[in-house]
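Listed below in structure tokens is the structure:
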């Protein structure tokens, strides 16, 4: 802004000096000429010239004073205008920044809105899937119940059944139970829409699960070792569903070991400081970087999981225990429930043998 | 010893028939099956059961509503009642205190043995 003003100023002064110069030099020349051609007498000439020169000087001085004042005012006005322009530009920049942040806020709000919408759509879908599943389960279970009753009656009607027939009854009963198990598993899978999440003490939820599995634990003589963090801060979970998750994982642990094995249960709080998996900076990530989370580890002393089936363990209907009546729904239901809780589950082999199932759960709302 | 009278309210015809056959075969029970839940109070008044087995999802009236009607008769206010339904969850390690709508329940499918054990348990109390 300064350079053009300086230029203007310099130019104005230059023009002034030129004018001043012309105003004094030109009349001087004219006078000299006139004296030379004796147009005037020297005295008159000197008189006129003197007066003229004095007048000229006076006018010039006045002009100079006035001009400087005007020039100064003009320059000042220009400088002020420049400062105002500067201020306006700065205000404009602030405004642009404000607009930018408003836009990004709006974008964020829009993203959140879309996310909520997606969640609602998913929930609605799950709800109708849940209703369909519940209805189907009910419709399937009733004929199964009839079959079960019929089997019982037939068995009780045969006084001395052949071994073959006895075996047949055992198989048929097992088949009915298996079908029932599958229906139940599907129902669990599909009914995650109505999750009721509350702050819960995970240590207590695990203890409840162990209590419910007391018979199974005793049957296989499993020793349970607890490594719980005392006063564990509450995690946000649906108590019944999380109990189901633990029952599932503990049962898997029991079946993985020979009788008399040790099952270790650990609870702790960890800080998720690395990006990866469910931890990240996007709003779709379950956990934010640096967020604390509850960690539950369920460890068994079994054979571990073969590397080549490791990526299929969460698939629905995948089971390694088909002969023993496994339906393969357990882990897929568990994963689904944990996803609904916006948590994470990782199952891996331990270096010292056996498997550890690690469940991460949220401690507070994002 | 007098036979124990069991009223089963369930609109699944085949299931009702099966239960009746299984329970009566033991010689300990006399079973009446009512397929119309809206008639359960009347049937109870005629049959005077010692225990009621009640389904939940029925075409004309839901189990809990039928229970309400039955309980409105003072004669049946203390009659043991067990919900027997395919709509109920069958949990691993089922707790004894599990109830549905204030009554104990047993989830279908069940074996005759399990059903009889359940009936005997709740008739004792």
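Chains as they are written, first to last, in this note's numbering: chain B, 1 to 366; chain H, 1001 to 1125.
All C-beta atoms, glycine included, are put in the ideal place defined by N, C-alpha and C.
Within chain B, no C-beta atom comes nearer than 9 angstroms to that of residue 1099/H; the closest sits roughly 15 angstroms away. When the five nearest sequence neighbours on each side are left out, the beta carbons in the same chain lying within less than 7 angstroms of the beta carbon of residue 1040/H are those of 1009, 1034, 1066, 1069 and 1070, in order along the chain.
The three-state reading of DSSP puts residue 218/B in helix, counting H, G and I together. Approximately 22 angstroms separates the beta-carbon atoms of residue 197/B and residue 210/B; this is outside 8 angstroms, ruling out the contact.
When the Cα atoms are used, residue 306/B and residue 355/B turn out to be separated by approximately 11 angstroms. Residues of the same chain with a CB within less than 8 angstroms of the CB of residue 1017/H, apart from the 5 flanking positions on each side, are 1033 in chain order. Taking residue 60/B as the centre and dropping the five residues before and after it, the same chain places the C-beta of 20 closer than 6 angstroms to its C-beta, in chain order. Using a Cβ-Cβ cut-off of 7 angstroms, residue 176/B is close to 1109 of chain H, given in chain order. Around the beta carbon of residue 299/B, a 10 Å sphere encloses 16 or more other beta carbons of the protein chains shown; the residue is thus reported as buried. Annotation for residue 1006/H: the continuous beta strand (DSSP E) segment containing it runs 1004–1009.
Under the criterion of beta carbons closer than 8 angstroms, residue 138/B and residue 1087/H qualify as touching, at roughly 5 angstroms. By the criterion of at least three beta-carbon pairs nearer than 8 angstroms, the segment 328–337 of chain B is in contact with the segment 236–252 of chain B.
Of the residues 240/B, 10/B and 156/B, the one whose Cα lies closest to the Cα of residue 206/B is 240/B. Assignment of residue 1022/H by DSSP, reduced to helix, strand and coil, places it in the helix class. Neighbours of residue 150/B in chain H, taken as residues whose beta carbon is under 7 angstroms from its own, are 1018 in chain order.
In the three-state reduction of the DSSP assignment, residue 1015/H falls in the helix class. The straight-line gap separating the alpha-carbon atoms of residue 338/B and residue 96/B is approximately 44 angstroms. Selection 229/B, 175/B and 233/B evaluated against residue 141/B yields 175/B as nearest (Cα-Cα). Taking a contact as a CB-CB distance under 8 angstroms, the pair residue 146/B and residue 1113/H does not count as one, their CB atoms being some 16 angstroms apart. Within the segment 1056–1082 of chain H, those residues whose Cβ lies closer than 7 angstroms to any Cβ of chain B are, in chain order, 1057. Contact of residue 1087/H with chain B by beta-carbon distance below 9 angstroms involves 134, 137, 138 and 141.
Chain-ordered, the chain B residues with CB closer than 7 angstroms to the CB of residue 1021/H read 153.
Residue-level contact check: residue 1029/H does not touch chain B, since none of the beta carbons of chain B fall below 8 angstroms from its beta carbon. With fewer than 16 neighbouring CB atoms inside 10 Å of its own CB, residue 219/B falls in the exposed class. Listed along the chain, the chain B residues whose CB falls inside 7 angstroms of the CB of residue 1002/H amount to none; the nearest CB is some 22 angstroms away. With at least 16 other beta carbons inside 10 angstroms of its own, residue 362/B counts as buried. Between the alpha carbons of residue 51/B and residue 28/B lies a gap of roughly 12 angstroms. Fully enclosed beta strand (DSSP E) runs of no fewer than 3 residues occupy 262–272 and 291–299 of the segment 247–310 of chain B, in order along the chain. Taken in chain order, the whole alpha helix (DSSP H) runs of length 4 or more contained in the segment 1028–1113 of chain H are 1040–1047 and 1063–1071. Between the C-alpha atoms of residue 263/B and residue 253/B there is a straight-line separation of about 7 angstroms.
Judged by beta-carbon spacing, residue 301/B lies beyond the 8 angstroms limit of residue 340/B, meaning their Cβ atoms are not closer than that value.
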